[in-house]
Amino acid sequence: MKELFILAVVTTFTLVTYYLVEPFAHSHMHKHHESEKFVYEDLPALTKQGDVARGKDLVMGAGACVGCHAIKVEGMAAPMDAVTSASAYGVNPPDLSDAGSVFDAKFLAALIKNPAHALMLEHKYNDKTGKTFPMPPFYGAGGDLDQEIADMVAYLQSIAPKGEELTPKMAFETACGRCHAVHYQYEKDGERHPAWTQIGEHPTFKHKQDELAYETQVLDYQDSLVKYLGKLPPDLSMYIRSRGEHFLSTFAENPQNYLKGTAMPRVGLNAEAAEKVIEHLADVGDSKRHERDAVGKNVMIYIIIFAIFALLWKKQVWKELH
Amino acid sequence: MAHFTKATSLHDWLNQRLAVDTLRRVLATEYWIPKNINFLWAMGMVLAITFAILLVSGIFLLMYYQPNVDLAFDSVNYTIMQEVGYGWLWRHVHGVAASVVFLIIYIHMFTGIYYGSYKKGREMIWISGMLLFVAFSAEAFSGYMLPWGQMSYWAGMVITNLFSGGSLHADGLVEWIRGDYVPAQAFLNRFFMLHVLLIPVAIMGLIGLHFGALRIPHVNNQDGEELDFEAEAAKYKSGDKAGSKVIAFVNDFMSKDMMVVSIYLIFFFYLVFFHFDFAMDPVNFDPADGLKTPAHIYPEWYFLWSYEILRPFSTNVGLMAFAFAQVIFMLLPFLDRSPNAVPASRRGLFKFWFWAMLVDMIVLTAMGKVPPSGIFSTIGLYAALTFIGLWILLPIITMFEKKA
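From first to last, the protein sequence lines are chains A and B. If you're matching positions, the first sequence starts at 1479 in our numbering and goes up one per residue. If you're matching positions, the second sequence starts at 200 in our numbering and goes up one per residue.
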């Protein structure tokens, strides 16, 4: 009984210390933002029913989206390569093949209408600074503007991969991959994936010369990014461990909450795509998490059996000591 | 030259050359431990097991770690954590054990303080134990540098800066320690050497000294009772095991130790697999960047109390208070003037001193982590003053302590 009392005292002091040093201290050290569940309350709801065929005409039309964006699923290649695009616009405009399933519909509509507003970059692009966002707002093709935008969104959603077709890797590439590199290779489902650079997967080269030429391209691209954003966005290889799931998802949801005035745009992910982006970062930075859980369970079972034997041994030895 | 006869068995062959029977008797079966003890007496074995875990996991990590400022971070977070089979396991085990070992050290220390196990011939046990604490602290700090993350770099910067001695401006000393103006390649290499060779060797030597120091004064017991070990051992050997006040180190004491160890290991492995963030600070998963100071720089939890003794004062006073905190525990056997080597609960004012010290160190630990502003810095200041005050009071209150 006395031993249990002593154990209770030791445990209490240990837990109090743990509470003060971890949950308590961290609650005073970091801003905490609850997830807004990716509903984008500040953006207007979609009121019009979109028409896919009309949307296609608008997106593909002369001087419309495909003037800058690729849509590979529809056989539309990018007008310029990534490095040239970045030197023209600051960053390579995304391929729109997945846009309909990566980005929230409300966000897409708001983006087409007024990019700087939807991306929360009006502190950077406004009349005072005289800067304009590289993507121009869509002023309409002569009809009802909101109807036209709804049509375009409907079209983008119609060509986008559905449900599981959108892999975590695809979600990451469309949402983050044009600004952030992930230089760790990783393996998933027995398949090995190369390192990711801002201009795509890092290929394997036979000749050093080709590799250097590729890396020069990456550096050129990164130079454009630095000019555009002020600094090179960080490599995200270990972000799942250094930032954690909650921070990553709430940060992507609204970067201004954490870093007022940052050049990072609001990403505009829908909730499912956000989960996929996080999963991809975990696949890269915490690739052994499933193994850890599985091994952990077995080790716990083993140790508990060991403890039972230790207890029985002690009982046996001490029988004649009392 | 000793006389050797033809061996009758392998055991006999070894016995003639190494005296294995005598060794076993002296070190195990006739090494006497008091019976009147509780589970806190097993902390020594828990520490020995944890040190063994650190040593083995460290050897595995050493096979892949690269002590180079350009490669270190990725060799830990990519090669070891993701490429090497079960590398993540060894790293989690090593990281968590490095943190948990200090929890056990503190429990072990406060057990010693509570039961007065640093007095009446046990001074060297205490002093060798405190030297082990210093060596473990140096080992923990040097190990923390190795992943070369943001916290490695900035903790290295802050701690080495302490050696400039405030107004003494001994910047040359700081550069000498770093081998550079800032933590860089020379710094990483020498801390790597310290972590994997010099300090572990020192720790192993000190463990030997610590065990040796126990031999003559014997292990203390729950009531501080002075035992006649020879008489009690004779009683035990004559078969009156129940009546004897001593037990054999093996199997009696060991069986209880292993029971405690097994329960400890359940707790330990739970942390390794399911609750490791407290020991593996997320900030250190960002690579070291000398141009980007983290918003909060703080040491691991086990250094927070002494960090908070440094922090609330001006530079010079803070450094003096810090130096005071580093050595004062070592002097405990001499500052405690009472002849009573009994549990604190039976020692008058010392009882309050003990609990006040424990609570004060927990307050210091908490305040050492939170940002030093507003109410926290006030609490930190008073807790630091209380710490110093308690040590000044100790010789006075123990001098007037009645004989228990």
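Every residue gets a Cβ at the ideal spot worked out from N, C-alpha and C, and that includes glycine.
So, are the CB atoms of residue i and residue j less than 8 Å apart?
i          : j          : result
Val1551(A) : Ser1575(A) : yes
Asn420(B)  : Lys1480(A) : no
Gly320(B)  : Ile415(B)  : yes
Gly315(B)  : Ala555(B)  : no
Val299(B)  : Phe528(B)  : no
Gln1687(A) : Ala1673(A) : no
Val445(B)  : Trp231(B)  : yes
Val1530(A) : Ala1638(A) : no
Gly1763(A) : Ser1715(A) : yes
Val418(B)  : Ala241(B)  : no
Phe272(B)  : Pro346(B)  : yes
Ala1583(A) : Gln1635(A) : yes
Phe473(B)  : Gly294(B)  : no
Leu1586(A) : Ala1594(A) : no
Thr228(B)  : Ala447(B)  : yes
Val1569(A) : Cys1654(A) : no
Is there at least one Cβ from chain A nearer than 8 Å to residue i's Cβ?
i         : result
Trp287(B) : yes
Gln281(B) : yes
Phe521(B) : no
Asn360(B) : no
Thr585(B) : no
Trp500(B) : yes
Glu451(B) : Glu is not the amino acid found at residue 451(B); the sequence shown has Asp there. Chain A, which has a Cβ nearer than 8 Å to the Cβ of Asp451(B), makes this yes.
Pro542(B) : no
Lys440(B) : yes
Ile252(B) : no
Phe340(B) : no
Lys436(B) : no
Starting from the Cα of residue i, find the closest Cα among the options and give me that residue.
i          : options                                        : result
Ala1588(A) : Arg1532(A), Ala1619(A), Ser1727(A), Glu1519(A) : Glu1519(A)
Phe259(B)  : Trp325(B), Thr278(B), Val268(B)                : Thr278(B)
Gly284(B)  : Ser1636(A), Ser1765(A), Ser1702(A), Ile1484(A) : Ser1765(A)
Leu253(B)  : Phe528(B), Met323(B), Phe335(B)                : Phe335(B)
Ile465(B)  : Lys1591(A), Ile1786(A), Lys1609(A)             : Ile1786(A)
Pro511(B)  : Met350(B), Val471(B), Pro570(B)                : Pro570(B)
Val268(B)  : Gly355(B), Gln384(B), Phe484(B)                : Gln384(B)
Gln349(B)  : Phe484(B), Ala296(B), Ser454(B)                : Phe484(B)
Ile578(B)  : Asp456(B), Met560(B), Pro594(B), Ile595(B)     : Met560(B)
Gly355(B)  : Ser366(B), Asn388(B), Leu330(B), Ile324(B)     : Asn388(B)
Asp488(B)  : Arg1770(A), Pro1712(A), Asp1761(A), Phe1581(A) : Pro1712(A)
Leu1789(A) : Asp451(B), Phe309(B), Val400(B)                : Asp451(B)
Asn1748(A) : Met1742(A), Ala1741(A), Ile1756(A)             : Ile1756(A)
Arg1744(A) : His1601(A), Phe1502(A), Ile1782(A)             : His1601(A)
Leu367(B)  : Trp325(B), Ala412(B), Ser572(B), Asn515(B)     : Asn515(B)
Leu1482(A) : Leu239(B), Leu593(B), Tyr317(B)                : Leu239(B)
Leu1759(A) : Lys1591(A), Gly1722(A), Gln1794(A)             : Gly1722(A)
Leu1498(A) : Val558(B), Ile596(B), Pro594(B)                : Val558(B)
Quick check on residue i: buried or exposed, where buried means 16 or more other Cβ atoms within 10 Å of its Cβ?
i          : result
Tyr1617(A) : exposed
Thr564(B)  : buried
Val395(B)  : buried
Glu1798(A) : exposed
Glu1514(A) : exposed
Val245(B)  : buried
Tyr343(B)  : buried
Gly1719(A) : Strictly speaking, residue 1719(A) in this sequence is Arg, with Gly absent from that position. When all chains shown are included, Arg1719(A) counts as buried.
Tyr1780(A) : exposed
Phe551(B)  : exposed
Asp379(B)  : exposed
Asp427(B)  : exposed
Does the beta carbon of residue i sit closer than 8 Å to a beta carbon anywhere in chain B?
i          : result
Val1530(A) : no
Lys1792(A) : yes
Thr1682(A) : no
Tyr1662(A) : yes
His1800(A) : yes
His1511(A) : no
Met1479(A) : no
Ile1590(A) : no
Ala1577(A) : no
Trp1796(A) : yes
Per the contact definition of three or more C-beta pairs closer than 8 Å, is the stretch 562-581 of chain B in contact with the stretch 490-507 of chain B?
Between the stretch 490-507 of chain B and the stretch 562-581 of chain B, the count of C-beta pairs closer than 8 Å reaches three or more; the two stretches touch.
Taking contact to mean at least 3 C-beta pairs separated by less than 8 Å, is the stretch 586-600 of chain B in contact with the stretch 546-553 of chain B?
Yes, the stretch 586-600 of chain B touches the stretch 546-553 of chain B.
Validate contact between the stretch 1486-1500 of chain A and the stretch 1702-1711 of chain A using beta carbons, cut 8 Å, 3 pairs:
A contact between stretches requires three or more CB pairs, one per stretch, nearer than 8 Å, and the stretch 1486-1500 of chain A fails this requirement with the stretch 1702-1711 of chain A.
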